[in-house]
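The opening position of the sequence shown corresponds to residue 538 in our numbering, with each subsequent residue numbered one higher.
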Amino acid sequence: MITMGSYRQQPGGSPTEVRKDGKRVAGKQVFAPPGSGGSNPAMRPRDLDFIPETVGGKEPKPAGDHIHDRDRTGTVVGKSIPLVDSNAKVTGQAWYGDDVRLPGELIGKILRSPHHYARIKSIDTSRVEALPGVLAVSTGAEAPNRFGVLPVTKDEHAMAVDKVRHVGDLVACVAAVDEATAIEALSLFDIEWEELEPVFDPKKGLEDVEEPIHWRGKYHLSMTNVQKRVFQEFGDRSLVNTPHASSHGSWSMLGVHHGFTEPHAVVAHWDPNGRLQLYTPQQVPHYTHRALSTVLEVPMHQINVVRTFVGGGFGGKSDPFPHEMCAAILARKAGAPVRITFDREEVYWINRGRHPSHIDVKMTADTEGRISSFDIDALIDGGGFASFGHVTSYYNGVLATAPYELGSFHYTGARVWTNKPASGAMRGHGAVNTRCAVEVGLDEMAESMNVDPIDLRLANLLPPHSRTISGFRITSNGMREALERVREGSEWDSKFRQLPLGKGIGIGCGFFISGSGLPIHWDPKNFPHATVHIQVDMDGGVTVHTGAADIGQGSTTAVAQVVSEVLALPIEMIHVRSHESDTSPVDLGSYSSRVTFMNANAAIRAAIGIRDQLLKAAWEMLGYHPNVLVLNDRRIYYKHDPAIGVSYLEALHKAQADTGALIARGAYRSPPMGGVHKGAAAGLAPAYSFSAYVAEVDVDIETGLVSCTDVWAAHDCGKALNPLAVKGQIIGSCHMGLGQVLTEKMVYGRTGHLQNANLLEYKIPSVHEMPHVEAIIVESSDPEGPFGAKEAGEGPLLPILPAVVNAVYDAIGVRLRDLPLTPDVVHSGIVKHLKQNGLEDPEDMVSPRLKHGPLQKALVARGDEHRERDRLRQRSEDTSAYVNGVLFGFDPDRPLSEQVEGWREADEPLPEQLAELGFAGRAWLKKEQRQMEDDA
């Protein structure tokens, strides 16, 4: 039994002051105020403005209680602070991939294919090996094992085996004493080629060919180049038959590159113990770790992946890459470190950017303005390799199922291999292009009903704590507030359809995942998504070990913040270590906007483990139960008498007395969620972010030049752990999205060659072309997020594309569906419009105008009614079941299939549906090889 102690401390105590029991106050150590605890309990007062009102603070909690409210100390969460690694970056001390220099290192270079598609009949390396200064040469024959970021689509090699699949594909590699020698060596390979017929058009990829780019054995679709096909149907298709309003748009969107500043770079060496040390700017070190083990046939414990600082990733550094394998192979053969650094053209050849897409979207609404159907067909160009494309094929559809309530949803998707650099994951993975098409379609449908497009959206939003038509679990949802705030901030009601010719305003919304609910490489029932270890040093410093990669988004700062918050310690005392696989617990990496949600949750749990040990020690010293003890500013005290307490270090040393160390670990695993249909896991997330943007544009009607002048950008991030970082993500997302919608494109010539593989001709918007962005943070406080937080790194990109496209229509009255909206695209649209309307001068064009129809008042009334519904559900005062379909009269407590005869969940089309399928849907006309064999 612990008895009441007598540790009553007086302010201003000195190292010689003693307690009633004769012991020195705080030992012999002198602490500097504030917050020195035992020796000087004078401390900063708790910052009640950043402690929730639910636990005695002043921070408003409109969403009600949160599971982490009692872990708030007012220390740093919710405050704008610089990123913890910002000083290293701005002073040039950050250590990027090409900054690594090891003694005796060699320069590695890669021989690349000059052909789009060809068979390698033979490679003779004898002349290369004979060149003085060359210490290692390798070809694909020495590394036959396949790898890939997804275990279900391993179609890559370190270097080409048998065939090359695009210009720039890796053929061989060489390591030499200097760059000049290595470059000379590349010209000495003797290769015999057999050129094959390339495929550049993804529509051609749906057709049977003599030599498919890859072969999937019994699962291969006929003799096509289809890598993945998807069919999903949910809801009552009969609702489509009698639409009151509809829209239909066919889109062509060119491929986009990530445009990161730092090129790919890697350094590999084998240490005296025979272990590989690999330095690389990776978003997902663990996947590289696995791939290296597979390709090199070396156990993972013999490999240490060191993540350097990442000079921008945006998804483009999340695959394990062939050049990383090449560096390791060369270093092993040469017995010396090898460094490979790409030039900018090589960066474009490895690519993994946004998929070029052909997207067809149809939608309908009924007489009450309810969205009765979405019908989406998406054919995407995957380039030469699978990368993340299996997932992209699903995301193109399912991430369009919210934030709106739908009567039915129908999606066909196909990803095809072509002889171009591979497409992959890019910021807003799989959701950006379809979201643009959907949001513009909603505006078109609103115009046909003579209603305001914002009111159409407000009347059809899913509420908090509901499920989408595809079964996704929606927890927090700040979309309504986001729409209302951009409407007010932009003065929408006084501008929409009222601006002069050439000036326009447009709306766009977004919906994105906060972490993938399905771990790629292991069973989520048995292994966590994220793990964090914390250790506390003798002097009180806290070291956090995590495998999560900070790629510039500030996740290291977020982890440091939540640990600082729980322990009530200055953030300067928190040190995050995440660079080496040797010392970091396994983490799935920085993609799918997962790090803050999953890793910070794990960090909070680990920090609570440390806190509990400190409170237990203080309990033993003070005699007061942890429930009545308070942590604040390096001190633990009795909440009813702050003079009774101990310093942080006293409690720490007491806790360390028997073990010599204070250690805790925390893990996060997503809760059960989602359906059981095929593909149900794609798009699952423990939470989702919501965004709404309004953009204003100027359009030069003579040249077609579009300038975006102002953006009001509202993003629901749950809780802004660091408002400064969140606003930076919103503004950065606007910049990247503006590039895709206005200027950026990967241009291929008629012969299939990439023509703008450099930053001069690949046009990224400059600072002078950026609009004023009013970044608006919406905090819906997600019930399972760390202190309520959700993602803010990818979702904010989605709305800017449709907002700009809709604004251009508002400015000139011309619907454009070919992205990007470069001056030539816009000018061509204006010329076509003039011809169709018998006009000669662009000045004679008329901007669209809106006269509200009879449905407008009903939509506004329903939106107002749903605002109160959403408030009650957000606070969990209304806990009734709600699934997509309630707006249509469905009972959420009964299976929809029992209520509506036409309700269907399907992952394959019915025979009678095949004739009406779009481009992607045509993939369902083909049979797998195993079916063809059975038929034979």
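Beta carbons: idealized from backbone N, C-alpha and C, even for Gly.
With a 10 Å radius around its C-beta and 16 neighbouring C-beta atoms as the bar for buried, classify residue 1471 as buried or exposed.
Position 934 of the sequence shown holds residue 1471. Classification of residue 1471: exposed, given that the 10 Å Cβ count is below 16.
* Kindly list the residues whose CB is nearer than 7 Å to the CB of residue 571, restricted to its own chain and excluding five residues on each side of it in sequence; keep chain order. => What you label residue 571 is simply residue 34 of the sequence shown in a count that begins at 1. Note that residue 571 scores a pLDDT of 36, beneath 50, so its modelled location is shaky; the value from the coordinates is reported in the next line. Here the set comprises 579, 580, 581, 1170.
Could you tell me which residues DSSP pairs with residue 895 in its beta bridges?
Reading the sequence shown from its first residue, position 358 is the one you call residue 895. According to DSSP, residue 895 bridges with 789, 916.
Q) Going by beta carbon distance, what residues of the same chain come within less than 6 Å of residue 1005, once the five residues before and after it are set aside? A) Taking the first residue of the sequence shown as 1, we reach residue 1005 at position 468. Excluding positions up to five away in sequence, the list reads 938, 939, 1421.
For the region 1273-1280 and the region 632-652, state whether three or more C-beta atom pairs, one from each stretch, are separated by less than 8 Å.
no
### Query
Which whole-angstrom value describes the C-beta separation of residue 1009 and residue 1211, a residue pair presumed to lie in contact below a C-beta threshold of 8 Å?
Counting from 1 along the sequence shown, the entry for residue 1009 is found at position 472. Counting from 1 along the sequence shown, the entry for residue 1211 is found at position 674. Correct: roughly 7 Å between the Cβ atoms.
* residue 1378 lies in the alpha helix (DSSP H); which residues open and close that run? -> By 1-based counting over the sequence shown, the position of residue 1378 is 841. Careful: residue 1378 lies outside any alpha helix (DSSP H) and carries neither H nor E.
*asked:* For residue 1045, report the span of its beta strand (DSSP E) as first-last.
replied: Walking along the sequence shown from the start, residue 1045 turns up at place 508. Element bounds for residue 1045: 1040-1050.
Who does residue 1470 pair with in a DSSP beta bridge?
In the sequence shown, the residue the question calls residue 1470 occupies position 933. In DSSP, residue 1470 forms no bridge with anything.
In the region 1208-1295, which residue ranges form an unbroken beta strand (DSSP E) of at least 3 residues, counting only runs that do not cross its ends? 1225-1236, 1243-1253
According to DSSP, is residue 646 helix, strand or coil?
Here residue 646 corresponds to residue number 109 of the sequence shown, with the count starting at 1. The answer is strand: DSSP assigns residue 646 an E or B state.
On the CB-based measure, 16 or more other CB atoms within 10 Å of its CB, does residue 923 come out buried or exposed? The residue labelled residue 923 in the question sits at position 386 within the sequence shown. Its Cβ being crowded by 16 or more others within 10 Å, residue 923 is buried.
ask   = Should residue 1027 and residue 899 be called a contact, given that it needs their Cβ atoms to be closer than 9 Å?
value = By 1-based counting over the sequence shown, the position of residue 1027 is 490. By 1-based counting over the sequence shown, the position of residue 899 is 362. No, the Cβ-Cβ distance between residue 1027 and residue 899 is not below 9 Å.
Straight-line Cα distance separating residue 1103 from residue 559 = Taking the sequence shown and counting its residues from 1, the one referred to as residue 559 is at position 22. Taking the sequence shown and counting its residues from 1, the one referred to as residue 1103 is at position 566. In this prediction, residue 559 has a pLDDT of 40, which is less than 50 and means its spatial position is unreliable; what the coordinates show is noted afterwards. In a straight line, the C-alpha of residue 559 is about 33 Å away from that of residue 1103.
Just the Cα atoms here: how many angstroms apart are residue 883 and residue 909? Taking the sequence shown and counting its residues from 1, one reaches residue 883 at position 346. Taking the sequence shown and counting its residues from 1, one reaches residue 909 at position 372. The straight-line gap from Cα to Cα measures roughly 47 Å.
task = Just grab the DSSP bridge partners of residue 1465 for me.
result = The residue you call residue 1465 lines up with position 928 of the sequence shown. Answer by DSSP bridge pairing, in chain order: 758.
Alpha-carbon spacing of residue 1464 relative to residue 756, whole angstroms:
By 1-based counting over the sequence shown, the position of residue 1464 is 927. By 1-based counting over the sequence shown, the position of residue 756 is 219. Spanning the two alpha carbons is a distance of roughly 9 Å.
Residue from 1013, 926, 1360, 836 whose Cα sits closest to the Cα of residue 1410:
For the purposes of this step, residue 1410 is taken as residue 873 along the sequence shown, with counting starting at 1. Ranking the options by Cα distance to residue 1410, first place goes to 1013.
Discussion item. Please report the straight-line C-alpha distance between residue 1030 and residue 1024, rounded to a whole angstrom.
Written reply: In the sequence shown, residue 1030 corresponds to position 493, counting from 1. In the sequence shown, residue 1024 corresponds to position 487, counting from 1. Using only the alpha carbons, I get a separation of about 7 Å.
Using beta-carbon positions only, say whether residue 733 and residue 654 come within less than 9 Å of one another. Indexing the sequence shown from 1 puts residue 733 at position 196. Indexing the sequence shown from 1 puts residue 654 at position 117. Yes. Within cutoff.
Cβ of residue 919 within 9 Å of Cβ of residue 959?
Here residue 919 is taken as the residue at index 382 of the sequence shown, counted from 1. Here residue 959 is taken as the residue at index 422 of the sequence shown, counted from 1. Taking 9 Å as the Cβ cut-off, residue 919 and residue 959 qualify as a contacting pair.
Item to complete: Let me know the beta strand (DSSP E) ranges lying completely inside the region 1125-1211, each 3 residues or longer, listed in chain order.
Response: 1166-1168, 1172-1175, 1178-1184, 1199-1205
Unbroken alpha helix (DSSP H) run spanning residue 829, endpoints:
In the sequence shown, residue 829 corresponds to position 292, counting from 1. That run of the alpha helix (DSSP H) goes 822-833.
C-beta atoms of residue 1151 and residue 1192 nearer than 9 Å: Walking along the sequence shown from the start, residue 1151 turns up at place 614. Walking along the sequence shown from the start, residue 1192 turns up at place 655. A contact, by the Cβ cut-off of 9 Å.
Are the region 1320-1330 and the region 1242-1261 in contact at 8 Å, needing three or more beta carbon pairs? yes
| request: Would you check if the region 1078-1095 and the region 843-863 touch, i.e. whether three or more CB-CB distances between them fall below 8 Å? | output: yes
Name, in chain order, the residues that DSSP records as bridge partners for residue 1068.
One-based indexing of the sequence shown puts residue 1068 at position 531. BP columns for residue 1068 point to 1204.
Checklist entry - Just how far apart, CA to CA, sit residue 1285 and residue 1292? => result As a first step, residue 1285 is located in the sequence shown; it is residue number 748 there, counting from the start. As a first step, residue 1292 is located in the sequence shown; it is residue number 755 there, counting from the start. If you take the alpha carbons of residue 1285 and residue 1292, they lie about 6 Å apart.
- Message: Applying the 10 Å Cβ sphere with the 16-neighbour rule, what's the burial state of residue 720?
- Response: Numbered from 1 along the sequence shown, position 183 holds the residue referred to as residue 720. Counting Cβ neighbours within 10 Å, residue 720 comes out exposed, since fewer than 16 surround it.
Where residue 1357 and residue 894 are concerned, what is the direct C-alpha to C-alpha distance, given to the nearest angstrom?
For the purposes of this step, residue 1357 is taken as residue 820 along the sequence shown, with counting starting at 1. For the purposes of this step, residue 894 is taken as residue 357 along the sequence shown, with counting starting at 1. When rounded, the distance between both Cα atoms is 12 Å.
Q.
What does the alpha-carbon distance come out to for the pair residue 1342 and residue 762?
A. Taking the first residue of the sequence shown as position 1, residue 1342 is located at position 805. Taking the first residue of the sequence shown as position 1, residue 762 is located at position 225. Near 32 Å, if we compare the C-alpha coordinates of residue 762 and residue 1342.
Check your understanding: Counting Cβ pairs, one atom from each stretch, are 3 or more of them under 8 Å apart for the region 939-949 and the region 770-785?
Key -> yes
Could you say if the region 1384-1392 and the region 965-979 meet the contact criterion of at least three C-beta pairs nearer than 8 Å? no
- Message: Between the alpha carbons of residue 1220 and residue 1054, how many angstroms are there, rounded?
- Response: The residue given as residue 1220 occupies position 683 in the sequence shown. The residue given as residue 1054 occupies position 517 in the sequence shown. Going from the Cα of residue 1220 to the Cα of residue 1054 covers about 8 Å.
ask   = In terms of residue numbering, what span does the beta strand (DSSP E) encompassing residue 985 cover?
value = Residue numbering aside, residue 985 sits at position 448 when the sequence shown is read from its first letter. Element bounds for residue 985: not the beta strand (DSSP E) but the alpha helix (DSSP H), 969-986.
- From 614, 842, 699, residue whose alpha carbon lies closest to that of residue 1123: By one-based count along the sequence shown, residue 1123 stands at place 586. With distances taken between Cα atoms, residue 1123 lies closest to 842.
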